[in-house]
Amino acid sequence: MADIDVIGPGSVTIGKGSSIGTNVRAIFSAPTRIILGDYVSIGDNTKFIIENGDVTIDDWSTLHNDCSLFSKRGVIIGQHCWFGQSCVIDGTGGMTIRNGVRVGMYSQLWSHVAAGEQIEGCTLFAETPTVLEEDVWLVGTCFVASGVTVGRRTVALSGSNVTKSCEANSVIAGAPARVREGVNFYKPITLREKMALLAGWLEDFCVLYNLPRGSLTVTDAAIALDAGSDGRIVFHRDDGAVFEGDGRTTHCCLTSKRYLKAFTPIEHKVLKFLSGNKARFYRAQ
Numbered sequence: 000m001a002d003i004d005v006i007g008p009g010s011v012t013i014g015k016g017s018s019i020g021t022n023v024r025a026i027f028s029a030p031t032r033i034i035l036g037d038y039v040s041i042g043d044n045t046k047f048i049i050e051n052g053d054v055t056i057d058d059w060s061t062l063h064n065d066c067s068l069f070s071k072r073g074v075i076i077g078q079h080c081w082f083g084q085s086c087v088i089d090g091t092g093g094m095t096i097r098n099g100v101r102v103g104m105y106s107q108l109w110s111h112v113a114a115g116e117q118i119e120g121c122t123l124f125a126e127t128p129t130v131l132e133e134d135v136w137l138v139g140t141c142f143v144a145s146g147v148t149v150g151r152r153t154v155a156l157s158g159s160n161v162t163k164s165c166e167a168n169s170v171i172a173g174a175p176a177r178v179r180e181g182v183n184f185y186k187p188i189t190l191r192e193k194m195a196l197l198a199g200w201l202e203d204f205c206v207l208y209n210l211p212r213g214s215l216t217v218t219d220a221a222i223a224l225d226a227g228s229d230g231r232i233v234f235h236r237d238d239g240a241v242f243e244g245d246g247r248t249t250h251c252c253l254t255s256k257r258y259l260k261a262f263t264p265i266e267h268k269v270l271k272f273l274s275g276n277k278a279r280f281y282r283a284q
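When we follow numbering that gives the first Met the number 0, the leftmost residue of the sequence shown carries the number 0, and every step to the right adds one.
Structure below.
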């Protein structure tokens, strides 16, 4: 694994299990920080330009190759966020990206605007915080303007130019982006159905990794996968389950979508296998 080339008075902290590509640079103008959580992935040629404000990228989040991130008032990126190649993340006015946000390649997220000369009367100048709420998906080549809040589980179709805030569960498209009425990409799903899906995916995982028969145990209350020296992971159906920390078992709750880390090889493999578009589990606070 390569390291981040730090230029200037700032510092970088990298969590456990994280991956850094080649030619990744952090250029600081102030003694601020970049803090990467556990299992974070930063692609080749990604550049951080930090005028001021800390940058936090939480667990399991990914910035693919050639992304650019700017900070003046800080950038907060939650857990399980994903950015395709060549995305721009602008924290000049402050940028908050909550858990589970997915941003397709060549998209740009802005928190400032600056164009013509103010001395000549140009009014195109502002630094305003931008927020993407949980599980937003910008399909690709999308633009988000400064000061916008994109509501939870909003889907912005390819090429959307988001110039105004939108409510949760919206589907938007166009330039400027407008709500597409009557379109919804989520359906109701019961806890029993979730357990069945999870059991099926873990069976596929066992086949993929040639785990012996009997490694997976499925009951109504929990699904357990024991990988021997690589550790054990248990998915509990309900919040009320008692999690016993034995140093080799990762406990996950399907109701709350939270988990307790054990930093075992099986934890990394299983949660990464699930995290794309199957099921994402978030660090218990």
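Ideal Cβ positions, reconstructed from N, Cα and C, are used throughout, including at glycine.
Going by C-alpha distance, which of Val130, Asn22, Gly150, Ala114 is nearest Ser67? Position 68 of the sequence shown, counted from the first residue, corresponds to residue 67. The shortest Cα separation from Ser67 among Val130, Asn22, Gly150, Ala114 belongs to Asn22.
Reduced DSSP category for Trp136 - H, G, I as helix; E, B as strand; rest coil: Your numbering for residue 136 matches position 137 in the sequence shown. In the structure shown, Trp136 sits in a strand (DSSP, three-state: E or B).
Residue nearest to Gly213 in terms of C-alpha spacing, selected from Met194, Gly146, Asp225, Val143: Locating residue 213 in the sequence shown gives position 214, counting from the first residue. Looking at the Cα atoms, Asp225 is the closest of the given residues.
Any idea if Ser228 is buried or exposed, counting beta-carbon neighbours within 10 angstroms, 16 or more meaning buried? As a position in the sequence shown, residue 228 is number 229, starting the count at 1. With fewer than 16 Cβ atoms within 10 Å of its Cβ, Ser228 is classed as exposed.
Nearest-angstrom Cα distance between Gly199 and Phe142? Working through the sequence shown from its first residue, we reach residue 199 at position 200. Working through the sequence shown from its first residue, we reach residue 142 at position 143. If you take the alpha carbons of Gly199 and Phe142, they lie about 37 Å apart.
Which word fits Arg97, buried or exposed, when buried means at least 16 other C-beta atoms lie within 10 angstroms of its C-beta? Sequence index remark: in the sequence shown, residue 97 carries index 98 (1-based). Arg97 should be labelled buried.
Classify Glu116 as buried or exposed, calling it buried when 16 or more other Cβ atoms lie within 10 Å of its own Cβ. Reading the sequence shown from its first residue, position 117 is the one you call residue 116. Label assigned to Glu116: exposed.
Alpha helix (DSSP H) segment containing Cys205, residue limits: If you number the sequence shown from 1, residue 205 lands on position 206. From DSSP, the alpha helix (DSSP H) with Cys205 extends over 190–207.
Asp229 by DSSP, collapsed to three states: which one? As a first step, residue 229 must be located in the sequence shown, where it is residue number 230. The answer is helix: DSSP assigns Asp229 an H, G or I state.
What does DSSP give as the partner residue(s) for Thr127 in the beta ladder? On the sequence shown, residue 127 is found 128 positions in, with the first residue counted as 1. In the DSSP output, where bridge partners are listed per residue, Thr127 has none listed.
Give a yes or no on whether the C-beta atoms belonging to Ile34 and Ser60 are separated by under 8 Å. In the sequence shown, the residue the question calls residue 34 occupies position 35. In the sequence shown, the residue the question calls residue 60 occupies position 61. In this structure, Ser60 does not lie closer than 8 Å to Ile34 by Cβ.
The alpha helix (DSSP H) with His267 in it runs from where to where? Stepping through the sequence shown from its first residue, residue 267 is reached at position 268. 264–274 is the span of the alpha helix (DSSP H), which, as asked, contains His267.
Delimiting residues of the beta strand (DSSP E) encompassing Asp89: Within the sequence shown, numbered from 1, the residue matching residue 89 stands at position 90. Its beta strand (DSSP E) spans residues 87–90.
N-terminal and C-terminal residue of the beta strand (DSSP E) that Ser70 is part of: As a first step, residue 70 must be located in the sequence shown, where it is residue number 71. First-last of the beta strand (DSSP E) with Ser70: 67–70.
Measure the alpha-carbon distance for Leu131 versus Glu266 and round it to whole angstroms. As a working mapping, residue 131 is identified with position 132 in the sequence shown. As a working mapping, residue 266 is identified with position 267 in the sequence shown. Whole-angstrom Cα-Cα distance: 28 Å.
Assign Ile56 to one of three DSSP states: helix, strand, or coil. Reading the sequence shown from its first residue, position 57 is the one you call residue 56. Correct three-state label for Ile56: strand.
Opening and closing residue of the beta strand (DSSP E) in which Ile48 lies: Position 49 of the sequence shown, counted from the start, is the residue given in the question as residue 48. Counting along the chain, the beta strand (DSSP E) containing Ile48 begins and ends at 46–49.
Look at the Cβ atom of Gly52, then the Cβ atom of Thr31, and state whether they are nearer than 8 Å. For the purposes of this step, residue 52 is taken as the residue at position 53 of the sequence shown. For the purposes of this step, residue 31 is taken as the residue at position 32 of the sequence shown. The answer is yes: Cβ separation under 8 Å.
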